[in-house]
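Participant: Have a look at this one.
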Amino acid sequence: MSGEFFRNKWLFFESYVKVVIDGRMLIYNTLTGEMLENDHPEIIRYFTEVTSNFSEPLFSLSNEAFIDEQLLLPFIEALFSLHMIEVIPKSDQGERPFVFIPEIKINKDFLRGKEVLFTGEDCYEYLHQLNINLVRKLPANNESQRLGRCQHIFFDSFGDSSVALPPTLLRNVVPELKNTNLREISVVLNPIDGHPDLGEIMDVLGGIDAAKRFILDCDDAFRNGEIVRDLGKEMPSSFTVIIPMWQKSRHSGNKIEHLAKSLGERLEVLLFIEGEGDLPRADDILSQVEGLRVNCLPIFNGKNLQFFEDNVFLRKENIFSKVHSFNDIFCNETLNRSAFGRLYIDADGECCGELGRGTLGNIINHNLGQIIYKELCEGESWKRTRKTVSPCSRCIYNLFCPPISNYELVMNRMNLCHMHDEWNQC
Ligand code: SF4
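Heads up: the sequence shown begins at 1354 in the numbering used here, then just goes up one per residue.
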């Protein structure tokens, strides 16, 4: 195909193509996952110009007066061969064709926050997961953040042992939950025998229409096997038992096997891993207990950056291992998919959208609707995207990367990736 093919034609990007320009340029086909990148300043200047006016999607080679044709045409040809741009012949009369521009919008525009009036039950619909910490208020210190922020609130000998969530507070919330899209309640119970009104709490939980999951400490679960079995009998629920693999004395294949016998498929073991040294012990558990559901979660302890670099940091092939649809990209641009719709209720009734962050209110003084509303309008957790945090905000992959993870928040480093190295090698 010669450059002549594109002369006297209108060009425009197909509606399924996403163009990202920020120092470098990425043009991505959301149907096939094919992409073209370019970092030539002239090419970037050209496409910055032709894509700058969203309501004028048409461009033509006449825009290229300021760019070397030998540079531009091969790139235009490559885009055309990947079905990323379309061409329309120019009419003799010079009229501009009409091109529809797709636009995705969230049905209730929470992004505008206070300008939007959430009426009645509207904001309840966003809630789909509740995490409840039944015993001991979590202190906002570094240790709790290190372990606690890793989704599973937890789990050592810290916290205020005099606090237990009153069943009446939980009961007050139940009528409101009927308006939500609640799918799961995760209940942290540590210690297992630490709540004075556990029976009543179980009654309240039993009346809520959502899957229940208890999160337990391994030592505690081994010690209180009978209570755990009773919890399992009282209501359909699953159990996640957390095992910090670096604490050798706290786990053994025999004890886990015993628990697995009484809970069967409802037991999942979550292994906290800090380094390579923990891996053989994880292997031992896997080989000792047949059929056990096991997940591993790397934990950052401030000293194991190398372990994270080797095992957790993202590479480009990880980011683009799947096709990102327009909806995926829109979500990544708008909200944090791993945090959105989740609330945490601490043992004293304080609520937050993310552990270790400021409170949104307290279920003693506020109803759940007010708390969700506050997170939607003022909170950061549900809306923290890579576009809003440095250095990801200047990276052309920020709409394609997974949502900001707990590791990144704990480490206060939002770019756990090898991208910088990879670019330097280009
Ligand atoms: S810098 Fe941020 S957005 Fe870019 S690849 Fe790394 S994690 Fe993703």
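Note that CB positions come from ideal geometry on N, CA and C, so glycine has one too.
At a cut-off of 6 angstroms, is residue 1745 close to the ligand SF4 when judged by its beta-carbon and the heavy atoms of the ligand?
Facilitator: One-based indexing of the sequence shown puts residue 1745 at position 392. Answer for residue 1745: yes, Cβ within range of the ligand SF4.
Participant: Just to confirm, are residue 1435 and residue 1387 a CB contact at a threshold of 7 angstroms?
Facilitator: As a first step, residue 1435 must be located in the sequence shown, where it is residue number 82. As a first step, residue 1387 must be located in the sequence shown, where it is residue number 34. Cβ distance < 7 angstroms, so residue 1435 and residue 1387 count as in contact.
Participant: Would you check if there are 3 or more beta carbon pairs closer than 8 angstroms linking the stretch 1522 to 1531 to the stretch 1556 to 1570?
Facilitator: yes
Participant: Please report the Cβ distance between residue 1567 and residue 1542, rounded to the nearest whole angstrom; I am assuming they are in contact, meaning their Cβ atoms lie under 8 angstroms.
Facilitator: Position 214 of the sequence shown, counting from 1, holds the residue named residue 1567. Position 189 of the sequence shown, counting from 1, holds the residue named residue 1542. Confirmed, Cβ separation roughly 6 angstroms.
Participant: Which residues in the same chain have their Cβ closer than 6 angstroms to the Cβ of residue 1455, if we skip the five residues on either side of it in sequence?
Facilitator: In the sequence shown, counting from the first residue as 1, residue 1455 sits at position 102. Within the same chain, residue 1455 has close Cβ partners 1368.
Participant: Does the Cβ-Cβ distance between residue 1750 and residue 1672 come in under 7 angstroms?
Facilitator: Locating residue 1750 in the sequence shown gives position 397, counting from the first residue. Locating residue 1672 in the sequence shown gives position 319, counting from the first residue. Yes, the pair counts as a contact, with Cβ atoms nearer than the cut-off.
Participant: Only counting the same chain, and skipping five residues up and downstream in sequence, which positions put a Cβ closer than 8 angstroms to that of residue 1639?
Facilitator: On the sequence shown, position 286 is the one that residue 1639 refers to. Only 1645, 1647 meet the Cβ criterion.
Participant: Out of curiosity, what's the CA-to-CA distance linking residue 1437 and residue 1684?
Facilitator: The sequence position of residue 1437 within the sequence shown is 84, counting from 1. The sequence position of residue 1684 within the sequence shown is 331, counting from 1. Distance between the alpha carbons of residue 1437 and residue 1684 is about 22 angstroms.
Participant: Checking 7 angstroms against the spacing of the C-beta atoms, do residue 1757 and residue 1772 come in under that value?
Facilitator: On the sequence shown, residue 1757 is found 404 positions in, with the first residue counted as 1. On the sequence shown, residue 1772 is found 419 positions in, with the first residue counted as 1. No.
Participant: With respect to the beta strand (DSSP E) encompassing residue 1381, which residues constitute its N-terminal and C-terminal limits?
Facilitator: The residue labelled residue 1381 in the question sits at position 28 within the sequence shown. Here the beta strand (DSSP E) through residue 1381 covers 1377 to 1382.
Participant: In chain order, which alpha helix (DSSP H) runs of at least 4 residues are fully inside the stretch 1617 to 1647?
Facilitator: 1632 to 1641
Participant: Just the Cα atoms here: how many angstroms apart are residue 1692 and residue 1552?
Facilitator: For the purposes of this step, residue 1692 is identified with residue 339 of the sequence shown, where counting begins at 1. For the purposes of this step, residue 1552 is identified with residue 199 of the sequence shown, where counting begins at 1. Near 30 angstroms, if we compare the C-alpha coordinates of residue 1552 and residue 1692.
Participant: Whole-angstrom Cβ separation of residue 1628 and residue 1666, contact assumed at under 8 angstroms?
Facilitator: Sequence index remark: in the sequence shown, residue 1628 carries index 275 (1-based). Sequence index remark: in the sequence shown, residue 1666 carries index 313 (1-based). Actually they are not in contact, since the Cβ atoms of residue 1628 and residue 1666 sit about 15 angstroms apart, beyond 8 angstroms.
Participant: Distance check for residue 1449 and residue 1410, CA to CA, integer angstroms please.
Facilitator: Within the sequence shown, numbered from 1, the residue matching residue 1410 stands at position 57. Within the sequence shown, numbered from 1, the residue matching residue 1449 stands at position 96. Each residue's Cα considered, the two are about 11 angstroms apart.
Participant: What's the gap between the Cα of residue 1359 and the Cα of residue 1442?
Facilitator: As a working mapping, residue 1359 is identified with position 6 in the sequence shown. As a working mapping, residue 1442 is identified with position 89 in the sequence shown. When rounded, the distance between both Cα atoms is 9 angstroms.
Participant: Is residue 1739 near the ligand SF4, in the sense that its beta carbon is under 6 angstroms from a heavy atom of that ligand?
Facilitator: Stepping through the sequence shown from its first residue, residue 1739 is reached at position 386. Yes, the beta carbon of residue 1739 sits closer than 6 angstroms to at least one heavy atom of the ligand SF4.
Participant: Around the Cβ of residue 1583, are there at least 16 other Cβ atoms within 10 angstroms (buried) or fewer (exposed)?
Facilitator: Taking the first residue of the sequence shown as position 1, residue 1583 is located at position 230. Exposed is the call here.
Participant: Pick out the complete alpha helix (DSSP H) segments inside the stretch 1682 to 1760, 4 residues or longer, and give them in chain order.
Facilitator: 1721 to 1730
Participant: What is the DSSP secondary structure of residue 1563, reduced to helix, strand or coil?
Facilitator: By 1-based counting over the sequence shown, the position of residue 1563 is 210. Reduced to three states, the DSSP call for residue 1563 is coil.
Participant: Could you name the residues that DSSP lists as bridge partners for residue 1482?
Facilitator: Along the sequence shown, one-based indexing puts residue 1482 at 129. Answer by DSSP bridge pairing, in chain order: 1537, 1695.
Participant: DSSP three-state call for residue 1595: helix, strand or coil?
Facilitator: Within the sequence shown, residue 1595 is the residue found at index 242, counting from 1. Strand at residue 1595.
Participant: Reducing DSSP to helix, strand and coil, say where residue 1415 ends up.
Facilitator: Counting from 1 along the sequence shown, the entry for residue 1415 is found at position 62. In the structure shown, residue 1415 sits in a helix (DSSP, three-state: H, G or I).
Participant: Any heavy atom of the ligand SF4 closer than 6 angstroms to the beta-carbon of residue 1764?
Facilitator: The residue labelled residue 1764 in the question sits at position 411 within the sequence shown. False, no ligand heavy atom lies under 6 angstroms from that Cβ.
Participant: Between the C-alpha atoms of residue 1764 and residue 1423, what's the straight-line distance to the nearest angstrom?
Facilitator: As a first step, residue 1764 must be located in the sequence shown, where it is residue number 411. As a first step, residue 1423 must be located in the sequence shown, where it is residue number 70. Whole-angstrom Cα-Cα distance: 46 angstroms.
Participant: Are the Cβ atoms of residue 1522 and residue 1711 separated by less than 7 angstroms?
Facilitator: The residue you call residue 1522 lines up with position 169 of the sequence shown. The residue you call residue 1711 lines up with position 358 of the sequence shown. For residue 1522 and residue 1711, no; Cβs fall outside 7 angstroms.
Participant: DSSP three-state call for residue 1669: helix, strand or coil?
Facilitator: Your numbering for residue 1669 matches position 316 in the sequence shown. Helix, per DSSP.
Participant: Suppose the cutoff is 8 angstroms on Cβ atoms and the five residues either side in sequence are ignored; what does the same chain contact list for residue 1728 look like?
Facilitator: Translated into positions along the sequence shown, residue 1728 becomes position 375. Excluding positions up to five away in sequence, the list reads 1696, 1706, 1713, 1734, 1735.
Participant: In whole angstroms, what is the alpha-carbon distance linking residue 1406 and residue 1457?
Facilitator: The sequence position of residue 1406 within the sequence shown is 53, counting from 1. The sequence position of residue 1457 within the sequence shown is 104, counting from 1. Roughly 18 angstroms between the two C-alpha positions.
Participant: If you follow the beta strand (DSSP E) that residue 1391 is part of, which residue opens it and which one closes it?
Facilitator: Walking along the sequence shown from the start, residue 1391 turns up at place 38. Counting along the chain, the beta strand (DSSP E) containing residue 1391 begins and ends at 1388 to 1391.
Participant: Could you tell me the alpha carbon to alpha carbon distance between residue 1858 and residue 1596, rounded to whole angstroms?
Facilitator: What is shown of the chain runs 1354 to 1779, which leaves residue 1858 out entirely.
Participant: Candidates 1375, 1374, 1370, 1391: which alpha carbon is nearest residue 1381's?
Facilitator: Position 28 of the sequence shown holds residue 1381. Answer by Cα proximity: 1370.
Participant: Report all residues from its chain with a CB closer than 7 angstroms to the CB of residue 1470; omit the five preceding and five following residues, and keep chain order.
Facilitator: Counting from one through the sequence shown, the residue named residue 1470 turns up at place 117. Caution is warranted here: a pLDDT of 49 is assigned to residue 1470, below 50, making its placement in the model unreliable, and the coordinate value is therefore given only provisionally. In the same chain as residue 1470, and ignoring 5 residues on each side of it, no C-beta atom comes closer than 7 angstroms to its own.
Participant: Quick check: does the Cβ of residue 1768 come within less than 6 angstroms of any heavy atom belonging to the ligand SF4?
Facilitator: Position 415 of the sequence shown, counting from 1, holds the residue named residue 1768. Yes, Cβ of residue 1768 sits closer than 6 angstroms to a heavy atom of the ligand SF4.
Participant: Please find out if some non-hydrogen atom of the ligand SAH comes closer than 6 angstroms to the beta-carbon of residue 1748.
Facilitator: Ligands in the displayed structure: the ligand SF4; the ligand SAH is not one of them.
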